[in-house]
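Numbering of the sequence shown is given in the numbering used here, commencing with residue 109 and proceeding in unit increments.
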Amino acid sequence: MKRARTAVLVSGSGSNLQALLDAARDPGFPAEVVLVISNVAGVRALERARSAGVETRVVDHRRFDDRESFDTELAGLVRGRDCSIVCLAGFMRILTAGFVAAWPDRILNIHPSLLPLFPGLHTHQRALDAGMTIAGCTVHLVSADLDAGPIVAQAAVPVLPGDTAERLAARILVQEHRIYPLALALLAAGRVRVENGRVLLDAPLPDPNQAVAVPDRA
Ligand code: GAR
Numbered sequence: 109m110k111r112a113r114t115a116v117l118v119s120g121s122g123s124n125l126q127a128l129l130d131a132a133r134d135p136g137f138p139a140e141v142v143l144v145i146s147n148v149a150g151v152r153a154l155e156r157a158r159s160a161g162v163e164t165r166v167v168d169h170r171r172f173d174d175r176e177s178f179d180t181e182l183a184g185l186v187r188g189r190d191c192s193i194v195c196l197a198g199f200m201r202i203l204t205a206g207f208v209a210a211w212p213d214r215i216l217n218i219h220p221s222l223l224p225l226f227p228g229l230h231t232h233q234r235a236l237d238a239g240m241t242i243a244g245c246t247v248h249l250v251s252a253d254l255d256a257g258p259i260v261a262q263a264a265v266p267v268l269p270g271d272t273a274e275r276l277a278a279r280i281l282v283q284e285h286r287i288y289p290l291a292l293a294l295l296a297a298g299r300v301r302v303e304n305g306r307v308l309l310d311a312p313l314p315d316p317n318q319a320v321a322v323p324d325r326a
């Protein structure tokens, strides 16, 4: 089996990166992480990549005059390692339309809300402020619009009495670590098709978990 060469873009702690690295340790996993790029030096995500023996690069966005030149540098690195998939894992920069168009329907992002609710920042506090009784996370294909694009997988958690943004975030993060490897596996295995802005899978998942909602064939 040829595994899909994958680059992961990070900015911080990298716990989602860790979930992907752990999944990819299984030789039967259809993707391998070959490059991790951070726009911030010294972050934990870089240590996690090094511990897993994965090449790391730091591209500090502040060195660039504009988004285009920053993204051109990123794209050059990703292309140079022959990656067919890019995963954003806590990457806190907005990619240009040019970068997104270079890997059409091949860039995944994880976002800590049930999109299309609460795109952008401070998702957990906004879910609490809105009086939501459930919250969750989404893995989606990246489009030129922020936190939009066809949904590959979602997971929901309850909002509990007395929740703070921190407690809710921790509960959601557990689910992020479950659905991100799942979504990457589906994409890498060629099981994701996009039609009319929606993801269709080639077949239902063999072991659908109640807490993980993955769109099925229409
Ligand atoms: C995760 O909760 C991820 O969903 C979120 O940042 C955190 C990164 O944690 N991403 C965004 O908010 C992107 N808009 P991690 O570095 O431990 O994976």
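Think of the CB as a built atom: it goes at the ideal place given N, C-alpha and C, for glycine as much as any other residue.
Note that this is a predicted model, so its numbers are computed, not measured.
Residue i: CB within 7 Å of a non-hydrogen atom of the ligand GAR
i, result
"residue 195", "no"
"residue 124", "yes"
"residue 212", "no"
"residue 239", "no"
"residue 219", "yes"
"residue 159", "no"
"residue 118", "yes"
"residue 253", "no"
"residue 101", "The chain is shown from 109 up to 326; residue 101 falls before or after that span and cannot be answered."
"residue 153", "yes"
"residue 225", "no"
"residue 198", "yes"
"residue 191", "no"
"residue 284", "yes"
C-beta contact flag for residue i and residue j at 8 Å
i, j, result
"residue 327", "residue 279", "Residue 327 is absent from the structure shown; the chain starts at 109 and stops at 326."
"residue 235", "residue 221", "yes"
"residue 169", "residue 189", "no"
"residue 118", "residue 199", "yes"
"residue 311", "residue 138", "no"
"residue 295", "residue 193", "yes"
"residue 156", "residue 196", "no"
"residue 146", "residue 162", "no"
"residue 140", "residue 132", "yes"
Distance between residue j and residue i (C-alpha atoms, nearest Å)
i, j, result
"residue 207", "residue 125", "21 Å"
"residue 120", "residue 127", "14 Å"
"residue 175", "residue 205", "10 Å"
"residue 263", "residue 244", "5 Å"
"residue 122", "residue 303", "31 Å"
"residue 153", "residue 203", "19 Å"
"residue 181", "residue 216", "19 Å"
"residue 242", "residue 308", "25 Å"
"residue 269", "residue 277", "14 Å"
"residue 247", "residue 287", "7 Å"
"residue 115", "residue 164", "10 Å"
"residue 271", "residue 232", "10 Å"
"residue 283", "residue 305", "24 Å"
"residue 185", "residue 228", "26 Å"
Boundaries of the alpha helix (DSSP H) in which residue i is found, first to last residue
i, result
"residue 184", "175-188"
"residue 341", "Residue 341 lies beyond the residue range present for the chain, which begins at 109 and ends at 326; the question has no answer from this structure."
"residue 282", "273-296"
"residue 124", "123-132"
"residue 208", "205-210"
Proximal residues to residue i (C-beta, below 7 Å), its chain only, five neighbours per side dropped
i, result
"residue 183", "207 and 210"
"residue 226", "234 and 235"
"residue 318", "Note on residue 318: pLDDT 43, under 50, position unreliable in the model; the coordinate value appears next. Within the same chain, residue 318 has no close Cβ partners at all."
"residue 240", "267"
"residue 285", "123, 124 and 127"
6 Å CB neighbourhood of residue i in its chain, flanking five on each side removed
i, result
"residue 249", "213, 257 and 258"
"residue 290", "261"
"residue 142", "113 and 189"
"residue 148", "119"
Residue range of the unbroken beta strand (DSSP E) whose run includes residue i
i, result
"residue 244", "242-249"
"residue 146", "139-146"
"residue 160", "Per DSSP, residue 160 belongs to no beta strand (DSSP E) and is neither H nor E."
"residue 259", "259-266"
"residue 254", "Note, residue 254: premise wrong, no beta strand (DSSP E); not H, not E."
"residue 115", "112-118"
"residue 167", "Where residue 167 is concerned, there is no enclosing beta strand (DSSP E), given that its DSSP letter is neither H nor E."
Other residues of its chain near residue i: CB distance less than 8 Å, five sequence neighbours each side excluded
i, result
"residue 136", "109"
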